[in-house]
Every structure is written in C-alpha cells, then in structure tokens.
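Asker: This is the structure I want to talk about, given as structure tokens.
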Amino acid sequence: MRLGNQLQKLREEQKMSEEEVAEQLSVSVQHIHKWENNKSYPDIQHLLKLSDIYETTIDEFIKKDATLQNRINIREEEKEDGDELFHPGFYIGIGIMFLGTLLSLIIGNLTITMVSNIAGMLIACFYKGILKLLKDVKKSFMNKDKRAKRVSHPMK
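Residues in the sequence shown are numbered from 27 upward in steps of one, following the numbering used here.
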C-alpha cells in the first residue's frame with residue numbers, strides 16, 4: 027500500500043480532517059492532500075510527526091510502500107556518488123590524457139594528443155554514465171540470452 031493511501035486511511039481512522047493534520051504539522055492543507063494522493067512524500071521530520079499523530083512507526087510506513095523504499099535506495103546511491111571527491115573515472119581520464127600527450131611528444135604526432143585528450147576528458151566527465159550504460163547493455167544482453175534459452179529449450 028502506497029504511503030499516501032496509508033496516511034489517508036490512518037487519518038480517517040483517527041476521524042481527523044486534512045486541516046487538523048495540517049495544523050498539527052504546521053504545513054498547508056495542500057501538502058497533506060499531495061501526500062495522501064501520492065503526488066509527493068513528506069520529509070523525515072513530518073513522517074516522524076505523522077507517526078506520532080497516527081500512533082504508528084515510520085518503519086510501518088516504509089515497509090508497506092515499495093515505491094518509497096526504492097526512492098530511499100536511489101537517494102542513498104546518489105548520496106554515495108556525491109560523496110566521492112574524485113571518482114576512478116577522473117584518474118583514468120587524466121591518465122589517458124597524460125599518456126596521449128607523452129606518446130605524441132615521442133612520436134611527434136599531435137593527432138594522438140588531440141584524440142587522447144578528448145577521450146580522457148569524456149571518460150573523466152562521463153565515467154559513471156558510461157559504467158551505467160555498460161551495465162544496462164550487459165543486463166539487456168543477459169535477459170535476451172535467458173529468453174533465447176527458454177525459447178530453444180521449452181519446458182516439457
């Protein structure tokens with residue numbers, strides 16, 4: 027059950043209006059309406075207050091809403107990504123740029139510098155996007171392979 031549906035059900039069980047809940051939380055009625063209609067989610071502070079008002083736990087809210095669980099997981103992944111000052115792609119990109127420049131000095135071909143610098147900058151900037159793309163391609167390939175095996179070896 028989505029969080030909004032839980033909130034509405036609990037409010038109705040407590041025989042409270044949206045206005046009363048909004049007043050207790052010091053938010054607008056529109057916030058309560060959006061939360062109960064799954065248009066947005068309350069922040070953690072409001073969830074704590076709602077759990078007190080409805081005499082339940084945040085744990086119950088989260089356990090019953092798979093969408094909220096996924097959203098929390100995504101936010102945690104984004105937070106972890108943002109915590110890295112320099113991700114591995116930065117070092118790989120700089121390394122490629124350095125090697126390309128070194129090679130072009132040895133060989134005397136400026137095209138190598140240009141190509142390696144462009145490739146290095148792209149890797150440094152889009153490393154995580156490239157990794158995600160490769161993982162998605164691998165996942166897609168693996169799913170197609172599984173489907174092909176099912177078609178070629180149907181169950182008897």
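Every residue gets a Cβ at the ideal spot worked out from N, C-alpha and C, and that includes glycine.
These numbers come from a predicted model, not from an experiment.
Give the DSSP-derived three-state secondary structure of Met27 in the structure shown.
Answerer: Reduced to three states, the DSSP call for Met27 is coil.
Asker: Run through DSSP, which three-state label would Lys90 get?
Answerer: Coil.
Asker: Determine the direct distance from the alpha carbon of Asn135 to that of Ile118, and round the result to whole angstroms.
Answerer: The straight-line gap from Cα to Cα measures roughly 22 Å.
Asker: With a CB to CB cut of under 7 Å and the five nearest residues on each side skipped, what residues in its chain are close to Gln34?
Answerer: Only Glu62 meet the Cβ criterion.
Asker: Does Thr83 come out as helix, strand or coil in the three-state DSSP assignment?
Answerer: Coil at Thr83, not helix or strand.
Asker: Expressed to the nearest angstrom, what Euclidean distance is found between the alpha-carbon atoms of Ser130 and Phe167?
Answerer: In a straight line, the C-alpha of Ser130 is about 38 Å away from that of Phe167.
Asker: Go ahead and pull the three-state DSSP assignment for Tyr153.
Answerer: Tyr153: helix per DSSP, three-state reduction.
Asker: Taking the straight line between their C-alpha atoms, what separation do you get for Leu125 and Leu160?
Answerer: Distance between the alpha carbons of Leu125 and Leu160 is about 24 Å.
Asker: Where does Ala150 land, buried or exposed, given buried means 16+ other C-beta within 10 angstroms?
Answerer: Buried: at least 16 other Cβ atoms inside 10 Å.
Asker: Distance, Cα to Cα, Ile60 vs Glu44?
Answerer: One detail in the question is off: residue 60 reads as Lys in this sequence, not Ile. Computed Cα separation, rounded: 11 Å.
Asker: Could you check the C-alpha separation between Lys41 and Lys158 for me, to the nearest Å?
Answerer: Their Cα atoms are separated by approximately 48 Å.
Asker: Distance check for Met147 and Thr127, CA to CA, integer angstroms please.
Answerer: Answer to the nearest angstrom: the Cα atoms are 13 Å apart.
Asker: Among Glu38, Tyr80 and Ala92, whose alpha-carbon lies nearest the alpha-carbon of Leu51?
Answerer: For Leu51, the nearest C-alpha among the options comes from Tyr80.
Asker: For Gln71 and Leu94, I'd like the C-alpha separation in whole angstroms.
Answerer: Taking the straight line joining both Cα atoms gives about 15 Å.
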